[in-house]
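First comes the structure, then the notes that go with it.
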Amino acid sequence: MTAFTVKYYMYTIGTADFLHAFFSTVCGRLENGKWGSRYPYLMNELYQGTLPAEHLAAGTEELAQIKQELAQFAPNQVIWDIDDRSLTPPWGDNISEDITDLSNYFVTSEGEDFLAVFSAALDKARELNVPLTIRTLKN
Numbered sequence: 116m117t118a119f120t121v122k123y124y125m126y127t128i129g130t131a132d133f134l135h136a137f138f139s140t141v142c143g144r145l146e147n148g149k150w151g152s153r154y155p156y157l158m159n160e161l162y163q164g165t166l167p168a169e170h171l172a173a174g175t176e177e178l179a180q181i182k183q184e185l186a187q188f189a190p191n192q193v194i195w196d197i198d199d200r201s202l203t204p205p206w207g208d209n210i211s212e213d214i215t216d217l218s219n220y221f222v223t224s225e226g227e228d229f230l231a232v233f234s235a236a237l238d239k240a241r242e243l244n245v246p247l248t249i250r251t252l253k254n
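Per this note's numbering, residue 116 is the first one in the sequence shown, and the count goes up by one each step.
Laid out in structure tokens, this is it:
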């Protein structure tokens, strides 16, 4: 299980594969397969584990643009793994009818909209002026 952490606040995401699928989809659909070419703060810094406090504003702008652009893609255009395009989500095409495009495709393990949780974590980090990190939680 992975989570965004901001000081002592934790925002549960889901499996590492799920998080990688989000970043893979951004890379494959919005960056023409060139990881970090358009969204360097989220794709390079945060994906490696930490988005420093001084880059939170830029990360917030990147996330807003990502959400807007993902809305142009159908749910079946998700990329589960940029390194192995043959891999598919464990649930296949069996998704909720509430999912209308890739901007609302990703749902956390707790049933929340991933982009809303991601945005809330960025907002909290900005409020506290501390880095946003990705952590792997022990079971």
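Think of the CB as a built atom: it goes at the ideal place given N, C-alpha and C, for glycine as much as any other residue.
Task: Status (buried if at least 16 other CB within 10 Å, exposed otherwise) for Tyr123 - done: Working through the sequence shown from its first residue, we reach residue 123 at position 8. When all chains shown are included, Tyr123 counts as exposed.
Open item on the list: Let me check understanding here. Comparing Cα to Cα, which of Asp199, Asp213, Pro204 and Glu146 lies closest to Gln180?
Closed with: Within the sequence shown, numbered from 1, the residue matching residue 180 stands at position 65. Nearest of Asp199, Asp213, Pro204 and Glu146 to Gln180, Cα basis: Glu146.
Task: Where Met125 sits in the DSSP three-state scheme - done: Along the sequence shown, one-based indexing puts residue 125 at 10. Residue state, collapsed to three classes: strand.
Open item on the list: On the DSSP bridge list, what partners appear for Ala118?
Closed with: In the sequence shown, counting from the first residue as 1, residue 118 sits at position 3. In DSSP, Ala118 forms a bridge with Thr127 and Arg250.
Task: Range covered by the alpha helix (DSSP H) that runs through Thr175 - done: Translated into positions along the sequence shown, residue 175 becomes position 60. Leu171 to Leu185 is the extent of the alpha helix (DSSP H) around Thr175.
TODO: Could you spell out where the alpha helix (DSSP H) holding Asp238 opens and where it closes?
DONE: Here residue 238 is taken as the residue at index 123 of the sequence shown, counted from 1. Phe229 to Leu243 is the span of the alpha helix (DSSP H), which, as asked, contains Asp238.
Task: Cut-off 6 Å between Cβ atoms - residues of its own chain near Met116, not counting five sequence neighbours on either side - done: Here residue 116 is taken as the residue at index 1 of the sequence shown, counted from 1. Result list for Met116: Leu252, in chain order.
- [ ] Note down, in chain order, each residue of its chain lying with its Cβ closer than 7 Å to the Cβ of Thr140, except the 5 sequence neighbours on either side.
- [x] Taking the sequence shown and counting its residues from 1, one reaches residue 140 at position 25. Contacts found: Val193, Ile194 and Leu217.
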